[in-house]
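Position one of the sequence shown corresponds to residue 1 (the UniProt record's numbering), numbered consecutively onward. Step one of this worksheet: look at the structure below.
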Amino acid sequence: MASTTRVVAPESAPSTPTTPAYRTDLDGLRGIAITLVACFHVWFGKVSGGVDVFLTLSGYFFLGSLLRHAIYAQKPNVTFRDTLDPWPRLKRLLKRLLPALITVLLAVTVLTVVVLPQTRWANIGNEVVASALYYQNWYLALNSQDYLAASSANSPLQHIWSMSMQGQFFLLTLLVALAFAGVLKLLAHFARPFADPRVIRFLVGAAVFVVALGSFWWAHRGMAINQPYNYYSTLSRLWEPLAGGLLAIWLPSLRVPNWLRNVATVAALALIVSCGFWIDGVAEYPGPMALVPVGATLIIIWAGATALQKAPRGSHAAPDGMPAANRMLASTWPVWLGTIAYSLYLWHWPLLIFYLTWRDKNHANFLEGVGILGVSIGLAWLTKRYIEDPLRGGDRAALPRGNRAGRSRWLSYTSVVTAILLLGSVVAGVAIKVWENHVDNIVVDTKNLDPRSYPGARALLDGWPVPALDPQPSALEVIQDYPETSTDGYMSDFTDNEIHVGVYGDPNATRTIALAGGSHAEMWISALDTLGKRNGFKVKTYLKMGCPLSTNEVPKQRGVPYPECYDWGQRVIEQVIADKPDAVFTNSTRPRDYQPGDWVPPDYTPIFDRFLGAGVPVFGMRDTPWPKNGKGTIDTPICLADGGDAESCGSRRAAVLAPEDPALELAATRPDFHPLDMSNGICTDDFCPAIIGNITVYKDPHHLSATFVRSLTDELGRQMEAQLPWTGPQVP
């Protein structure tokens, strides 16, 4: 990761007088940082702060390099073309970043096919593309994937977010800096002070400071709005590399005794090593608490700066005047780890995720972690030695010592490696798009399944026999088994606050049921549509993703504030009451977050009372079980595709449902509140299988498949008719 920023001088003048001495101690700091990142991922399931160290170092090296270019460009013998040409630096960046990244992405693509179930291929394929094109952080941000402890359910490419953010930073600052250098060169023709290094340093520093301050404010603000998004956002993270850049621009040259610099470095190292234990990085970074690893990194950079003037230009040895603590960082093993830090960062996470998936585990024990780290280090060294170095430094970098003459032979090696990576990238990209297109075009057509072969819920409710047949839909098909309102466009998504009213059942009927709420209300349309056509009533839908009707003014979706939901819900309630339906159908319960079973959230009850007060009866549907076991949430299609079955992918009933419908208490005091409970069609007395009556029950972690809902149609009709007879068959 950090090895992407070490060569900093302009290609046209690689040894300008302003080139600083090489900071071997900062290579060692990289080594410490990557060790922390890997160990915390493997054993502790927390964010270490090591990535923040990488970002700060990247900014220090890269912005320092660009500042030197801006100053150098003001010399009379430097042309505008040399000043503005981004290609030399872009070429170096591409040589440093792409070979190892493409190697790992190709390995992840192959391992995905070999290790992971087909239900995960499309999403990981999208992440491979996002990683290769350096927008993985935005892909994750938009999908709000928390960067939590490793488990077999995590993406093997989740860690590439930081590489994507750095790539965006490099490109953006490079283009801005070159344009700025060109403007300065133009202004210097009219006012020589613009060619003064002190003026340039001041202007660049002021601009960087303003942008960094704005980014820091944005990051702090984003924590309260949408922290998962904020964690990955380039705008929120930008201040961290810019902080390192500010130190490169305005590095203080204070006379401070070496003993004090030693104390500062030791204290800063202690903060970097320990902050992962006492800071919840997922919840706190990149907000103000990120100042701990960032500030500690700045202190270490500053503490070793006194020796720079004593070191020979281009020297890789620790200068004699460097404080002892910094010289310790410049020792053999930290520096060696620093040289492979980029490749080690790329390899360790996917190896961990694939291993956990292969072993069906959520955590690695100590010995397993040692093995994963050992393999990661080995692959990192091989990647650097045989892929990064040859493609980064040209043919001579691949030659063994004492044999630098065989250029044509090693040119072939470099060309072959390059060709393999390029060809592999093309093949992988095409394969990903072909598979994605295949999944997107899957059509689930199960409306005419023979109930004698696929009884579904009837097997539990009515004892229908279950012949030995493969379940329908298949694990791959069921993820596309949506209710009709989703495919017809009557389901408002998270950003759509319009009310889209769909009409189902018998559109000419005089009686109407309003189906209102979120996706757990929506999934019942597949049964209600059939019942409406069969029994002569209309179903009008008022639905929005993740938005059950509630009085909660600050609802959350996957832990993220979702204020649009409250506003939408209040407007829906008013519209439903104005439309005067004969009944409202919505959810009455929800699973408990931290305890077994389900309950009626207190912010649901006032909604029921508003409908009842307006003279509209309420059908309160008990929410379905959300599958889980001792390892956590079960994603049924993934579990089945990975070799699971009805039992291994199922849940204990006591873990997901209360002994009886919690909404029964409401019915006791509200005569027009009618509870509905389909639990006995989804679970036996003690277990909730993943496959019932040859039908796959769930399409994702907690939504019933439309196919299975249809098998509950008769039971739903029976319960509704028992409470409001007009919903049943009408006798002429």
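We put the CB at the ideal spot given by N, CA and C, even for glycine. Computed from a prediction, not measured in an experiment: that's the story for all the values here.
Check: If you check the beta carbons only, do residue 112 and residue 102 fall under 8 Å apart?
Finding: Looking up residue 112 in the sequence shown gives position 112. Looking up residue 102 in the sequence shown gives position 102. Result no, Cβ atoms of residue 112 and residue 102 do not sit closer than 8 Å.
Check: Name the DSSP beta bridge partners of residue 590, please?
Finding: In the sequence shown, residue 590 corresponds to position 590, counting from 1. For residue 590, which the question treats as bridged, DSSP gives the partners 599.
Margin query: Measuring only the C-alpha atoms, how far is residue 247 from residue 624?
Written below: To locate residue 247, count along the sequence shown from 1; it is residue 247. To locate residue 624, count along the sequence shown from 1; it is residue 624. Roughly 56 Å between the two C-alpha positions.
Note to self: Once the 5 residues before and after residue 273 are set aside, which same chain residues still bring their CB inside 8 Å of it?
What the structure shows: Position 273 of the sequence shown, counted from the first residue, corresponds to residue 273. Within the same chain, residue 273 has close Cβ partners 32 and 36.
Next item on the list: May I ask which residues mark the beginning and end of the alpha helix (DSSP H) holding residue 654?
Entry: Within the sequence shown, the letter at position 654 stands for residue 654. Its alpha helix (DSSP H) spans residues 653-656.
Note to self: I'd like to know whether the C-beta of residue 726 is nearer than 8 Å to at least one C-beta of chain B.
What the structure shows: This model lacks chain B altogether; it includes just one protein chain.
Margin query: I'd like the span of the beta strand (DSSP E) that includes residue 514, first residue to last.
Written below: Start at 1 with the first residue of the sequence shown, and residue 514 comes out as number 514. Residue 514 -> beta strand (DSSP E) spans 512-517.
Item checked: Enclosing beta strand (DSSP E) for residue 621 [first to last residue] -> For this step, residue 621 is matched to residue 621 along the sequence shown. Residue 621 -> beta strand (DSSP E) spans 618-621.
Check: Whose CA, out of 718, 634, 281 and 564, lies closest to the CA of residue 700?
Finding: Position 700 of the sequence shown holds residue 700. Closest option to residue 700, Cα to Cα, is 634.
Notebook entry, point to check: By the 10 Å Cβ neighbour count, where 16 or more other Cβ atoms means buried, how is residue 52 classified, buried or exposed?
Noted result: Sequence index remark: in the sequence shown, residue 52 carries index 52 (1-based). Buried, because 16 or more other Cβ atoms sit within 10 Å of the Cβ of residue 52.
Item checked: Per-residue DSSP class, three states only, for residue 633 -> As a working note, residue 633 is residue 633 in the sequence shown. Residue 633: strand per DSSP, three-state reduction.
Checklist line | residue 119 - containing alpha helix (DSSP H), residue span | finding: Position 119 of the sequence shown, counted from the start, is the residue given in the question as residue 119. Counting along the chain, residue 119 falls outside any alpha helix (DSSP H), and DSSP gives it neither H nor E.
Notebook entry, point to check: Would the beta-carbon of residue 71 fall within 8 Å of that of residue 197?
Noted result: Along the sequence shown, one-based indexing puts residue 71 at 71. Along the sequence shown, one-based indexing puts residue 197 at 197. Against a cut-off of 8 Å, the Cβ pair of residue 197 and residue 71 comes out as a contact.
Notebook entry, point to check: From which residue to which residue does the beta strand (DSSP E) around residue 541 run?
Noted result: Your numbering for residue 541 matches position 541 in the sequence shown. First-last of the beta strand (DSSP E) with residue 541: 538-544.
Margin query: On a Cα-Cα basis, can you pick out the residue from 142, 207, 275 and 216 that is closest to residue 232?
Written below: In the sequence shown, counting from the first residue as 1, residue 232 sits at position 232. Residue 142 is the option with its Cα nearest to residue 232.
Check: Within 10 angstroms of its Cβ, does residue 276 collect 16 or more other Cβ (buried), or is it exposed?
Finding: By 1-based counting over the sequence shown, the position of residue 276 is 276. It is buried - the Cβ of residue 276 has at least 16 other Cβ atoms within 10 Å.
Check: By Cβ distance, which residues of its chain are closer than 6 Å to residue 380, with the 5 residues on each side in sequence left out?
Finding: In the sequence shown, residue 380 corresponds to position 380, counting from 1. Closer than 6 Å at the Cβ level, and outside the excluded window around residue 380, lie 340, 343, 344 and 347.
Note to self: Quick check on the DSSP output: the alpha helix (DSSP H) that includes residue 563 runs from which residue to which?
What the structure shows: As a first step, residue 563 is located in the sequence shown; it is residue number 563 there, counting from the start. Residue 563 -> alpha helix (DSSP H) spans 563-579.
Margin query: Let me check understanding here. Comparing Cα to Cα, which of 703, 386 and 165 lies closest to residue 480?
Written below: If you number the sequence shown from 1, residue 480 lands on position 480. Ranking the options by Cα distance to residue 480, first place goes to 703.
Next item on the list: Provide the residue span of the beta strand (DSSP E) that contains residue 502, from first to last.
Entry: For the purposes of this step, residue 502 is identified with residue 502 of the sequence shown, where counting begins at 1. Residue 502 -> beta strand (DSSP E) spans 501-505.
Notebook entry, point to check: Excluding five sequence neighbours on each side, which residues of the same chain lie with their C-beta closer than 6 Å to the C-beta of residue 729?
Noted result: By one-based count along the sequence shown, residue 729 stands at place 729. Excluding positions up to five away in sequence, the list reads 535.
Check: Can you name the start and end residues of the beta strand (DSSP E) that residue 88 belongs to?
Finding: Looking up residue 88 in the sequence shown gives position 88. Residue 88 -> not in any beta strand (DSSP E); alpha helix (DSSP H) instead, spanning 87-115.
Checklist line | Residues near residue 807 in its chain [Cβ-Cβ closer than 6 Å; skip 5 each side] | finding: The requested residue 807 is not part of the displayed model; the chain covers only 1 to 732.
Next item on the list: Could you tell me which residues DSSP pairs with residue 675 in its beta bridges?
Entry: For the purposes of this step, residue 675 is taken as residue 675 along the sequence shown, with counting starting at 1. According to DSSP, which records beta bridges pairwise, residue 675 is partnered with 620.
Checklist line | Cβ-Cβ distance between residue 693 and residue 459 below 8 Å | finding: Taking the sequence shown and counting its residues from 1, one reaches residue 693 at position 693. Taking the sequence shown and counting its residues from 1, one reaches residue 459 at position 459. Yes; because the gap between Cβ atoms is below 8 Å, this pair is in contact.
Check: Which first and last residues belong to the alpha helix (DSSP H) in which residue 458 is found?
Finding: Taking the first residue of the sequence shown as position 1, residue 458 is located at position 458. It spans 458-461 - the alpha helix (DSSP H) in which residue 458 sits, taken as one unbroken run.
Margin query: Between the alpha carbons of residue 259 and residue 304, how many angstroms are there, rounded?
Written below: Your numbering for residue 259 matches position 259 in the sequence shown. Your numbering for residue 304 matches position 304 in the sequence shown. The straight-line gap from Cα to Cα measures roughly 12 Å.
Item checked: residue 583 (DSSP reduced to helix, strand or coil) -> Within the sequence shown, numbered from 1, the residue matching residue 583 stands at position 583. In this structure, residue 583 counts as strand in the three-state DSSP scheme.
Notebook entry, point to check: Apart from the five residues just before and just after residue 509, which ones in its own chain have a Cβ nearer than 6 Å to its Cβ?
Noted result: Residue mapping note: residue 509 aligns to position 509 of the sequence shown, counting from 1. 536, 537 and 538.
Next item on the list: Compute the Euclidean distance between the alpha carbons of residue 543 and residue 617, then round it to the nearest angstrom.
Entry: The residue labelled residue 543 in the question sits at position 543 within the sequence shown. The residue labelled residue 617 in the question sits at position 617 within the sequence shown. Distance between the alpha carbons of residue 543 and residue 617: 19 Å.
Check: When the Cα atoms are used, what is the spatial distance from residue 724 to residue 553?
Finding: The sequence position of residue 724 within the sequence shown is 724, counting from 1. The sequence position of residue 553 within the sequence shown is 553, counting from 1. Rounded to the nearest angstrom, the two C-alpha atoms are 32 Å apart.
Notebook entry, point to check: Assuming residue 621 contacts residue 464 under a Cβ cut-off of 8 Å, what Cβ separation, rounded to an integer in Å, is found between them?
Noted result: Counting from one through the sequence shown, the residue named residue 621 turns up at place 621. Counting from one through the sequence shown, the residue named residue 464 turns up at place 464. Actually they are not in contact, since the Cβ atoms of residue 621 and residue 464 sit about 23 Å apart, beyond 8 Å.
Check: How would you write the range of the alpha helix (DSSP H) that residue 388 sits in, first residue to last?
Finding: Taking the first residue of the sequence shown as position 1, residue 388 is located at position 388. Segment: none, residue 388 is in no alpha helix (DSSP H) and carries neither H nor E.
Notebook entry, point to check: How about the region 651-658 and the region 414-424: do they share at least three Cβ pairs that are nearer than 8 Å?
Noted result: no
Margin query: Relative to the C-alpha of residue 484, which candidate in 495, 529, 493 and 448 has its C-alpha closest?
Written below: Locating residue 484 in the sequence shown gives position 484, counting from the first residue. Residue 529 is the option with its Cα nearest to residue 484.
Checklist line | Unbroken stretches of the alpha helix (DSSP H), 4 residues or longer, contained in the region 152-226 | finding: 161-188
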